[in-house]
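Top to bottom, those sequences are chains A and B.
Quick note, in the UniProt record's numbering, the first sequence goes up one by one and the last residue is 337.
Quick note, in the UniProt record's numbering, the second sequence goes up one by one and the last residue is 337.
First the structure, in the form of structure tokens, and then the observations on it.
Protein chains: 2
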Amino acid sequence: MPFSDYERVVLAHGGGGRVMQRLIRDLFVAAFGGAALERGHDGAVLRPRGPIAVTTDAFTVSPRTFPGGDLGSLAVHGTVNDLAMCGARPLALTASFILEEGLELRELATLVEHMAAAARSCGVEVVTGDTKVVERGKGDGVFITTTGVGELLVDPPPGPERLAPGDAIVVSGPIGEHGVAVLAAREGLSLEPPLVSDAGPVHAAALALVEACEVHCLRDPTRGGLASVLAELATASGSSMHIREADVPVRPAVADTCELLGLDPLYVACEGRFVAFVPAAQVDDALACLRRSGCEQAAHIGALGPASADPLVFAESALGGRRILDLLSSEQLPRIC
Amino acid sequence: MPFSDYERVVLAHGGGGRVMQRLIRDLFVAAFGGAALERGHDGAVLRPRGPIAVTTDAFTVSPRTFPGGDLGSLAVHGTVNDLAMCGARPLALTASFILEEGLELRELATLVEHMAAAARSCGVEVVTGDTKVVERGKGDGVFITTTGVGELLVDPPPGPERLAPGDAIVVSGPIGEHGVAVLAAREGLSLEPPLVSDAGPVHAAALALVEACEVHCLRDPTRGGLASVLAELATASGSSMHIREADVPVRPAVADTCELLGLDPLYVACEGRFVAFVPAAQVDDALACLRRSGCEQAAHIGALGPASADPLVFAESALGGRRILDLLSSEQLPRIC
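Structure representation (structure tokens):
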């Protein structure tokens, strides 16, 4: 760790002078390594072998550390996962930091080290970046924006425009763990055992699926959870969707906490799960592939109906009741990513 | 303008629900248009024809509007310019917004419209993005991070590793206007006539130069100004640099304001200028090319000396004195980009 106790971010860390150069060299270049960064230019050169996907996300999670992850690892996994949802193998990331004057440099260093470790474990390099510093009270510690560039595995890639009536809906694992874990950390709820976020990379499983099946669409249910993603994609596809609530995997601890807090797990964010839409005839192959790829609790939860002028998402309860899963006005839980 | 007076950003604008969907549709998709955004997926597909450059920057300029530009146009031009400095023609931009609860939606709409206009005039499309909202007091209105993807015009591209002893140093126009204009706007200095920022796109001139000459390196002198860029590149190249201060173009209004405020124009940021390093034999061609490309005041300001164990930048004054231009500890003017 290149910083002593109590060293803090000052405006000069974003000032383009010696203090900023030292931060870049001792922290960012040291953690991320790589030839592209060491070149010391304002951009990086990549040589993709074909069409690419590009995706970007700002990360503002609060608190910055939660059971199962932190802002640093989330900023890598979130963008790697969005690339995977485009059917793309991650090739490179860029990272842009907005630091608030007064942030402890040790905390920043820990977040950056976790970013670097997450990037290494996903086989992707942070190739270029930027640092800005804003005055105390004009930010919130640190915000990180990452952009990912990936190579498409299939062309055309999975996307909302390829959804088709009859497609089976598969979810890669139990839902809602990220939102509930962040909420518990933020509100100081002491759950026993503590709920751990599902935050993590999904590219290996998602890309294995793309190679094994004809995947029409992939989407990670982050803000707004599974229900919001389905509602959005029902609109995009022009087909209603039908899911069986009893088939949607939810861990008992998540279900209990949601009940206690009055939350609907179908609307709670995940950061390490995805939904896949595949032709009905391939659903067994898809489930087998996901289970081989570490998604032991992957489940077939429903299907797209025929085209509809007013596409909705219907959830059938275990008792045979039926409700409509509409977009909420807002997220139940702000700043979970 | 899709918003009425006094409508403001609320947390729900980042919540993944209906309120966020409406903001994306009515503001971002409406302003940026384009097939990629309308696809409604979390990423965009690009089909570059060869090697690409990638660059990212967070924009936090304060105040958000200044004579000659605003946060929106700056967020496009800054990244387009960084791509050009890599010798790359801009292909696509991503845009990520961190909004503070309470920001007036009309101001956001104006910034986004200026971004869209800047992108159109640079021939580049905003293909994907992200929006987060933080609580009041945890941000500063709006921060924008843009990432650019561009196609290399030449391979290998210009870069610090190609700098060579004897290279001529050329600057594309008068320096320091951006920093001084932002400072004047922030401090409420009433200069008559008002100083206007040089903020703007440089890709047309820079890429014309790359096609006309053997350009070893390009760099835009933003934070820290011309002197800091030269100091950094002297270190990277392992050669000292020598410049003639009298040959560096500085408009009288900038020189006067700097003198009044105790600033050194060589350290004041530009956002619409660049420095080019070309073989000495090509300096006349380079100047002619720049002047044809709208850089009427382009100037040959110095050269790289032979390799040196302790590379420095020497500035020779009009009276024959000599001083060393070192990296400052910090920038003289925070938050100018």
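Ideal Cβ placement from N, Cα and C applies to all residues, glycine included.
- Within chain B, no C-beta atom comes less than 9 Å from the C-beta of R322 (chain A); the nearest is roughly 21 Å away.
- Chain-ordered, the chain B residues with CB closer than 8 Å to the CB of T128 (chain A) read V54, T55, T56.
- Here P193 (chain A) is exposed. Its C-beta has fewer than 16 other C-beta atoms within 10 Å.
- Listed by position along chain B, the residues whose Cβ is nearer than 8 Å to that of E161 (chain A) are R39.
- Counting only runs of 3 or more residues that sit fully inside the region 227-260 of chain A, the beta strand (DSSP E) segments are 239-244, in chain order.
- Bounds of the beta strand (DSSP E) holding E316 (chain A) are 313-316.
- By the criterion of at least three beta-carbon pairs nearer than 8 Å, the region 197-204 of chain A is in contact with the region 173-186 of chain A.
- Between S329 (chain B) and G150 (chain B), the alpha-carbon positions lie close to 33 Å from each other.
- In this structure, the straight-line span from the alpha carbon of A276 (chain B) to that of L287 (chain B) is close to 10 Å.
- If you draw a 10 Å sphere on the C-beta of Q282 (chain B), you find 16 or more other C-beta atoms in it, and that means buried.
- C-alpha of V45 (chain B) to C-alpha of D256 (chain A): approximately 41 Å in a straight line.
- Only residues of its own chain outside the window of five on either side were considered, and among them P63, F66 have a CB closer than 6 Å to the CB of A185 (chain B), listed in chain order.
- Your pair A168 (chain A) and H300 (chain A) checks out as a contact, with CB atoms roughly 6 Å apart and the cut at 8 Å.
- One finds H41, D42, G43 in chain A with Cβ atoms closer than 9 Å to the Cβ of M85 (chain B), taken in chain order.
- Assignment of beta strand (DSSP E) within the UniProt domain "PurM-like N-terminal" (40-151) of chain A, counting only whole runs of 3 or more residues, yields 44-46, 52-59, 88-100, 125-134 in chain order.
- In the DSSP assignment, C289 (chain A) falls outside any beta strand (DSSP E) and within the unbroken alpha helix (DSSP H) covering 283-292.
- By the rule that beta-carbons nearer than 8 Å mark a contact, D140 (chain B) touches chain A.
- Sequence-distant partners of V229 (chain B) (beyond 5 residues in either direction) whose C-beta falls short of 7 Å from its own C-beta, in its chain, are R219, P221, V275.
- Out of B:I324, B:R291, B:D70, B:T55, the CA that lies nearest to the CA of H178 (chain B) is found in B:D70.
- Neighbours of T147 (chain A) across chain B, judged by C-beta separation under 7 Å: T56, T94, T147.
- Put simply, the CB of S237 (chain A) is far from chain B, with every gap to its CB atoms at 8 Å or more.
- Looking at the DSSP output, V278 (chain A) sits in a beta bridge with A:A168.
- Judged by DSSP secondary structure, A303 (chain B) falls within the beta strand (DSSP E) whose first and last residues are 299-307.
- Exclusion of the five residues before and after A208 (chain A) leaves C289, S293 as the residues of its chain whose Cβ lies within less than 7 Å of its Cβ.
- Cβ-Cβ separation between L103 (chain B) and G141 (chain B): approximately 5 Å, consistent with a contact (criterion under 8 Å).
- Listed along the chain, the chain A residues whose CB falls inside 8 Å of the CB of A12 (chain B) are S329, S330, E331.
- The beta carbon of P2 (chain A) sits closer than 6 Å to those of D26, all from its chain and outside the five residues before and after it, given in chain order.
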